[in-house]
Amino acid sequence: MATAQAKRLEGKTIVITGASSGIGKSTAKEFARTAPKDLKLIVTARRVDSLKQLAQEIKDEVGDGVKVLPVKLDVSNPEEVKNFVPSLPDEFKDINVLVNNAGLVKGVARAPDIAAEDLDTMFATNVTGLINMTQAILPIFKKRDEGGRGDIINIGSIAGREPYPGGSIYCATKAAIRSFTDALRKELIATRIRVIEIDPGQVETEFSVVRFYGDKKKADAVYEGCEPLTPDDIAEVIVFAAGRRENVVIADTLIFPSHQASPTAVHKKDELSTKFDFQNNQHVTQLLNLPDDASPETILSRVLSLQPVTSAAFPSVTFHQNYKHISYRVIGFGQCGLVFERPGRVFAVKVAKPAYEEALWTDFIAHYEVRRAFLRYQQQHKPDMECHVPKVFSYIPKSNRQWWELNSPLFTDVHETLPLPAMALITERIPPLPKVARQVLINKYCPPTLRSTVSANHTNRDCLARIYLGRRRPAQAPLPPNFTLRNYNLCLDQMLEINLPIKSLAFAMGEALALIHWSANVDGYDIEFVMGGEADIYNHDMPSSLALTRRELLTMQPHTNIEAVIEANFKRCTTRVWVLDFNLCSLWEESTGWENPDALVAQLVIAFYENDPYYPLPLMERNIDRELWEVFTKAYLETASRTLSAPGKDARLADLPSKFIDACVTRERDALARNLGHGHRELKG
């Protein structure tokens, strides 16, 4: 059954200017959805191809009940506006609603540096164009009874109410629209013609791209840390105003997103964190020299590559230590507790819930041992390991009054389930994936209806991608309705699709797991392998990075530009494999390896299979899966052999790594024989 609003709109002809994108495009679609029977839409803009595409999209969505007429029209050209109505087909000439939406802004210059061309363009489009369109349509309205009937809906802006620096001309044009609208409403008070103004606040459209002359990076920065209105939000209000009873005039509407109170009073969530994220994204983009027209697959394969590139120093994050009162913000959560960062710092703080204090201590002990094992291996065998373990900085018990008195006031983003003080583990923060990669993941794998919301959600900046070499997404499965980039599950089929170095990832995992098992003596239960950003360049030790000899150091020219030396010599990845989360791990004494080897191997196999599907699996059907298992096992066995042949290691442990691999194959074969499928988990399902 049609709604009252739909019935009031049926049979009407509606003109929308600036309909090729943004608010105009959304308004056309909203009218069509609201009154999908017996409605005529005249959509105008300079880009007629976009209008034709819009007409097709409306037809595909609502069918033939809405007739759409695309018309190429530049409202800043008086001659085109003058010929607009006479050139319409007869069936579209009886216009009922005019939505004056076309408008633009050019630049942020201040007087006396405002370009004359920009000034003329803004006034010709925003003011003269709107007035000329109104004068072209108004005679149609005034021919109707009771002095005339029809709706004139002018899209203004908060800028017309409160001007701001750097927008003087744009603000002046919107103030002119406001004056014209108010005066016109008074002039037509004796008629049934409704004059309506809708003034949006911050809306994410092409508006900022045009303002910055096509520089999308600058445009994106305007909305960083905010959740701006969408064109659909404004379209809903426009259609609502047009769909009221004839005696009801929604004369003046101001629409803000919840974080805005004026043009300049805008609350940006995690503003400092947002700033760092933006700077890091710029740095990565420049470092990789990504072309503007790069395909999504190219962007992801380049950004998520493990190949190092020569890197200039990037000091902006580490040296913001003067931000004394920056609060902690949540960047992750789990069963054990919450993980926080302080923007500008290189550390993260994992704070335990009351019931998980012992698990956090286990996390500390196991993490410490794994970090130590990796450092030993790097020093003795392989300095450039692809998988890293975050540094362990400290463990803070809740009894540490000095630390908590200093830091508790900065934990503003906590829930009542996490009373402070609490047990806390401080480790190196894993940098998130840069925005250029995150946005491609959203555009490629997020449902279209959620993309704008997901992009605007600041929590999705904290993106680490779980590396699922042991799982493919089901064929033809729909995109996930609960899409999030926090702990994003990146499956094998996606890695193949975007051409990631999956064999390098498998090797890194095999190498890491061998060190966790046979150097740290940790079972690896429920650990995570993720792709995150590379640690900041100033978080590295320069003597080990540059490896200068004493002679080279002493013969160096005084006051040498060390930054240039770093830039020339330091190789930096944009993405790094990290292993983390050791709170469910068990540590074992080395003597267990010869006193009860079967039980030890059995426990390692359980930890392998009961984990999320990070590891490649044995006995798979596809060749690429079999190759990944071979790479993984080769790396595991070679690393284990080097580790167990070190001085002090008992020779009775030497054959246990191969027994572990054999036991994994046996378990998989048994599961397949019982029709349980690949990678079956007995405990977690």
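Under UniProt numbering, the first residue of the sequence shown is numbered 1, with each subsequent residue one higher.
We treat Cβ as the ideally placed atom computed from N, Cα and C, and that holds for glycine.
Model, not experiment: these values are computed from the prediction.
Quiz item: Count the other CB atoms within 10 Å of the CB of D655; is the residue buried (16 or more) or exposed (fewer)?
Solution: As a first step, residue 655 is located in the sequence shown; it is residue number 655 there, counting from the start. The residue in question, D655, is exposed, as its Cβ has fewer than 16 Cβ neighbours within 10 Å.
Quiz item: Tell me which same chain residues have a C-beta within less than 8 Å of the C-beta of E627, skipping the five on either side of it?
Solution: Position 627 of the sequence shown, counted from the first residue, corresponds to residue 627. Answer for E627: K503, listed in chain order.
Exercise. List the DSSP bridge partners of K353.
Key: Numbered from its first residue, the sequence shown carries residue 353 at position 353. Beta-bridge partners of K353 (DSSP): none assigned.
Quiz prompt | As assigned by DSSP and simplified to three states, the class of R185 | solution = As a first step, residue 185 is located in the sequence shown; it is residue number 185 there, counting from the start. Assigned with DSSP and collapsed to three states, R185 falls in helix.
Practice problem: Report the rounded CA-to-CA distance for I516 versus L469, giving the unit in angstroms. | Solution: For this step, residue 516 is matched to residue 516 along the sequence shown. For this step, residue 469 is matched to residue 469 along the sequence shown. Distance between the alpha carbons of I516 and L469: 19 Å.
Practice problem: In angstroms with no decimal places, state the Cα-to-Cα distance between residue 691 and C664. | Solution: The displayed coordinates of the chain run from 1 to 685. Any statement about residue 691 would go beyond what the structure contains.
Quiz prompt | G677 to R471 span [Cα, whole Å] | solution = If you number the sequence shown from 1, residue 677 lands on position 677. If you number the sequence shown from 1, residue 471 lands on position 471. Cα to Cα, the separation comes out at about 12 Å.
Quiz item: Assuming L360 contacts T575 under a Cβ cut-off of 8 Å, what Cβ separation, rounded to an integer in Å, is found between them?
Solution: Numbered from 1 along the sequence shown, position 360 holds the residue referred to as residue 360. Numbered from 1 along the sequence shown, position 575 holds the residue referred to as residue 575. About 28 Å; that fails the 8 Å criterion.
Quiz prompt | Continuous alpha helix (DSSP H) stretch holding P118: start and end | solution = Reading the sequence shown from its first residue, position 118 is the one you call residue 118. Just to set this straight, residue 118 is Asp in the shown sequence, not Pro. First-last of the alpha helix (DSSP H) with D118: A116 to M122.
Self-check item: Helix, strand or coil at W518 according to DSSP, with G and I counted as helix
Solution: For the purposes of this step, residue 518 is taken as residue 518 along the sequence shown, with counting starting at 1. Helix, per DSSP.
Quiz item: First and last residue of the alpha helix (DSSP H) that includes Y164?
Solution: The residue labelled residue 164 in the question sits at position 164 within the sequence shown. Where Y164 is concerned, there is no enclosing alpha helix (DSSP H), given that its DSSP letter is neither H nor E.
Quiz item: What is the DSSP secondary structure of I250, counted as helix, strand or coil?
Solution: Residue 250 sits at position 250 when you count from the first residue of the sequence shown. Note: I250 maps to coil in three-state DSSP.
Practice problem: Check each candidate in T13, E511 and A465 and name the one with the smallest Cα separation from C491. | Solution: Position 491 of the sequence shown, counted from the first residue, corresponds to residue 491. Considering only alpha carbons, the answer is A465.
Quiz item: Opposite F340 in the DSSP bridges: which residues?
Solution: In the sequence shown, residue 340 corresponds to position 340, counting from 1. For F340, DSSP records a beta bridge to V330 and V349.
Quiz prompt | Counted within 10 angstroms of its Cβ, other Cβ atoms place E246 as buried (16 or more) or exposed | solution = Translated into the one-based positions of the sequence shown, residue 246 becomes position 246. Burial call: exposed.
Self-check item: Cα-Cα separation between I14 and T173, rounded to whole angstroms
Solution: Locating residue 14 in the sequence shown gives position 14, counting from the first residue. Locating residue 173 in the sequence shown gives position 173, counting from the first residue. When rounded, the separation of the alpha-carbon atoms in I14 and T173 is 24 Å.
Practice problem: Label D113 either buried or exposed according to how many other C-beta atoms from any shown protein chain fall within 10 Å of its C-beta, with 16 as the threshold for buried. | Solution: Locating residue 113 in the sequence shown gives position 113, counting from the first residue. Around the beta carbon of D113, fewer than 16 other beta carbons lie within 10 angstroms, which makes this residue exposed.
Self-check item: Among R642, Y356 and D49, the one whose alpha carbon lies nearest that of Y377
Solution: Counting from 1 along the sequence shown, the entry for residue 377 is found at position 377. Closest option to Y377, Cα to Cα, is R642.
Practice problem: Give every residue of the same chain whose Cβ lies closer than 7 Å to the Cβ of L619, excluding the five residues on either side of it in the sequence, and list them in chain order. | Solution: The sequence position of residue 619 within the sequence shown is 619, counting from 1. Hits under 7 Å: V665, E668, R669 and L672.
Quiz item: Does DSSP classify Q302 as helix, strand or coil?
Solution: If you number the sequence shown from 1, residue 302 lands on position 302. What sits at residue 302 in the sequence shown is Arg, not Gln. If DSSP states are grouped into helix, strand and coil, R302 belongs with the helices.
Quiz item: Are the segment 157 to 165 and the segment 87 to 96 touching, with three or more C-beta to C-beta distances below 8 Å?
Solution: Of all C-beta pairs linking the segment 157 to 165 to the segment 87 to 96, fewer than three are shorter than 8 Å, placing the two stretches out of contact.
Quiz item: Any contact of the segment 391 to 404 with the segment 524 to 531, i.e. 3+ C-beta pairs under 8 Å?
Solution: Touching, no.
Quiz item: If you draw a straight line from the C-alpha of T318 to the C-alpha of V346, how long is it?
Solution: As a working note, residue 318 is residue 318 in the sequence shown. As a working note, residue 346 is residue 346 in the sequence shown. Bear in mind that the predicted position of T318 carries a pLDDT of just 42, short of 50, making it unreliable; the figure below should be weighed with that in mind. As the crow flies, the alpha-carbon of T318 is around 7 Å from that of V346.
Quiz item: Alpha carbon to alpha carbon, what distance is there between Y636 and R657?
Solution: Locating residue 657 in the sequence shown gives position 657, counting from the first residue. Locating residue 636 in the sequence shown gives position 636, counting from the first residue. In the sequence under discussion, the amino acid at residue 657 is Pro, which differs from the Arg named in the question. C-alpha separation (whole angstroms): 8 Å.
Quiz item: In whole angstroms, what is the alpha-carbon distance linking K634 and W518?
Solution: To locate residue 634, count along the sequence shown from 1; it is residue 634. To locate residue 518, count along the sequence shown from 1; it is residue 518. Going from the Cα of K634 to the Cα of W518 covers about 15 Å.
Self-check item: Assigned exposure category for Y323 - 16 Cβ within 10 Å defines buried
Solution: Residue numbering aside, residue 323 sits at position 323 when the sequence shown is read from its first letter. Bear in mind that the predicted position of Y323 carries a pLDDT of just 48, short of 50, making it unreliable; the figure below should be weighed with that in mind. Y323 should be labelled exposed.
Practice problem: Can you have a look at G166 and say buried or exposed, based on whether 16 or more other CB atoms are within 10 angstroms of its CB? | Solution: As a first step, residue 166 is located in the sequence shown; it is residue number 166 there, counting from the start. With a 10 Å radius around the Cβ and a threshold of 16 neighbouring Cβ atoms, G166 comes out exposed.
Quiz prompt | Test item: CB-CB of A46 and D74 under 8 Å | solution = For the purposes of this step, residue 46 is taken as residue 46 along the sequence shown, with counting starting at 1. For the purposes of this step, residue 74 is taken as residue 74 along the sequence shown, with counting starting at 1. The sequence given here places Arg at residue 46; Ala does not occur at that position. Here R46 is near D74, since their CB atoms are less than 8 Å apart.
Exercise. Give the DSSP-derived three-state secondary structure of residue 756 in the structure shown.
Key: The chain is shown from 1 up to 685; residue 756 falls before or after that span and cannot be answered.
Quiz prompt | Buried versus exposed call for P315 [16 or more other C-beta atoms within 10 Å across all chains shown] | solution = To locate residue 315, count along the sequence shown from 1; it is residue 315. Low per-residue confidence applies at P315: pLDDT is 42, beneath 50, and the placement is therefore not dependable enough to give any value.
Quiz item: Which residues share a DSSP beta bridge with Q439?
Solution: The residue you call residue 439 lines up with position 439 of the sequence shown. Residue pairing from DSSP leaves Q439 without any beta-bridge partner.
Self-check item: Assumed close pair A640, A514 - CB separation to whole angstroms, cut-off 8 Å
Solution: Along the sequence shown, one-based indexing puts residue 640 at 640. Along the sequence shown, one-based indexing puts residue 514 at 514. Sure, about 4 Å apart at Cβ, within 8 Å.
Quiz item: By Cβ distance below 7 Å, which residues in the same chain neighbour D462 in space, the five residues on each side in sequence not counted?
Solution: Walking along the sequence shown from the start, residue 462 turns up at place 462. Cβ within range, chain order: I331, G332, P432 and R486.
Quiz prompt | S76, buried or exposed, once every other Cβ within 10 Å from all chains shown has been counted against 16 | solution = For this step, residue 76 is matched to residue 76 along the sequence shown. Classification of S76: buried, given that the 10 Å Cβ count is 16 or more.
Quiz item: What first and last residue would you give for the alpha helix (DSSP H) that runs through Y636?
Solution: Indexing the sequence shown from 1 puts residue 636 at position 636. Start and end: N623 to L644.
Quiz item: Buried or exposed: which applies to N443, given that a residue is buried once 16 or more other Cβ atoms fall within 10 Å of its Cβ?
Solution: Reading the sequence shown from its first residue, position 443 is the one you call residue 443. That one is exposed.
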